[in-house]
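Following: one structure in structure tokens, then a few remarks.
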Amino acid sequence: MSKKILMVVTNADKLEQHDTGLWLSEFVEPATEFKEAGFEVTAASMNGGRIPIDPNSYSNELPRVWDGVMEPIHDTPRLSEINPEEYDGIFFCGGHGTMVDFPDNDTIEEILRHFITENKLISSVCHGPSGFIGVTDHNDQPFVKGRKMTGFTNEEEKQTGLESVVPFSMEDRLREEGAVFETGEAFKDHVVVERNLVTGQNPQSSLSTAQVVIEQFKTAKPE
1 MSKKILMVVT NADKLEQHDT GLWLSEFVEP ATEFKEAGFE VTAASMNGGR
51 IPIDPNSYSN ELPRVWDGVM EPIHDTPRLS EINPEEYDGI FFCGGHGTMV
101 DFPDNDTIEE ILRHFITENK LISSVCHGPS GFIGVTDHND QPFVKGRKMT
151 GFTNEEEKQT GLESVVPFSM EDRLREEGAV FETGEAFKDH VVVERNLVTG
201 QNPQSSLSTA QVVIEQFKTA KPE
């Protein structure tokens, strides 16, 4: 039976005066890998509907193979309408838009609690871990407390020139909640695995993060 992956994406299209949204490759590259592995992919967002794409994430020509893969983000269901019991894993895609509508989000917390409690696979890339901020487990402890993980770093934020625009430092907030935040070289592929949590640092890590997720499913012990 094929695995079902829930991919969570942002609806936010503005960061102050800057156009933002989903960083396209952080959905398309993992979704392509998941589909090629035979997984069923669903994309969901806070408000549903068509997902805004960060204009900086478009290349001059998108690979033709991406056309079909992009279909799920043309009209997404609301995350609140999703039954998490139907999914084997969850993947939080990045883009600066996530800094607006992912943190301290009650709907995300409710969905994530299921994956935490059931010890299902949880994964993210780049700014995706902003969805972990404010999420507590069934013991009322921060989800990230004591967990090794990564995500878009302070150094990378500084290099984008958006350090003063983002509402907070994601790396700092995750550290404050107890995450053992591991930083690799800026804009180089870096993935961290901690039990059922798989995190990638930046857009360059999108593909390998998905590949690690697939590998985790392959090596998981039968229940």
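No gaps in the numbering here: position 66 of the sequence shown is 66 in the UniProt record's numbering, and each next residue is one more. Here a beta-carbon is modelled for each residue, glycine too, at the ideal position from N, C-alpha and C. Model, not experiment: these values are computed from the prediction.
Could you please give the first and the last residue of the uninterrupted alpha helix (DSSP H) stretch that includes S25? Counting along the chain, the alpha helix (DSSP H) containing S25 begins and ends at 25-36.
Where DSSP assigns a beta bridge to S206, which residues make up the other side? Per DSSP, none; premise fails for S206.
Burial state of T209, where buried means 16 or more other Cβ atoms lie within 10 Å: buried
Roughly how many angstroms lie between the CA atoms of G131 and V144, to the nearest whole one? 11 Å
Does the Cβ of P52 have 16 or more other Cβ atoms within 10 Å, making it buried, or fewer, making it exposed? Counting of Cβ neighbours within 10 angstroms places P52 among the buried residues, the total reaching 16 or more.
Taking the beta carbon of N202 as the centre, do at least 16 other beta carbons fall within 10 Å, making it buried, or is it exposed? Burial state of N202 is buried, judged by a 10 Å Cβ sphere holding 16 or more other Cβ atoms.
Apart from the five residues just before and just after F92, which ones in its own chain have a Cβ nearer than 6 Å to its Cβ? Counting only Cβ-Cβ distances below 6 Å, and skipping sequence neighbours, we find V8, S124, G128, G131.
Where the beta strand (DSSP E) through F92 begins and ends: 89-92
Near G146, what residues of its chain come up, given a Cβ to Cβ distance below 7 Å and the 5 sequence neighbours on each side ignored? G178, V180
Under the assumption that E171 contacts N154 (Cβ atoms under 8 Å), give the Cβ distance between them as a whole number of angstroms. 5 Å
What are the start and end residues of the beta strand (DSSP E) that includes K4? 4-8
When the distance is taken between beta carbons, is D88 closer than 8 Å to K3? Taking 8 Å as the cut-off, the beta carbon of K3 is found closer than this to the beta carbon of D88.
Are P77 and H114 close, meaning C-beta to C-beta below 8 Å? no
Reducing DSSP to helix, strand and coil, say where S57 ends up. helix
Return the chain-ordered list of same chain residues with a C-beta closer than 7 Å to the C-beta of G38, the five sequence neighbours on each side being excluded. Excluding residues within five positions, the ones whose Cβ falls inside 7 Å are S2.
How many Å lie between P55 and D19 at the Cα? 7 Å
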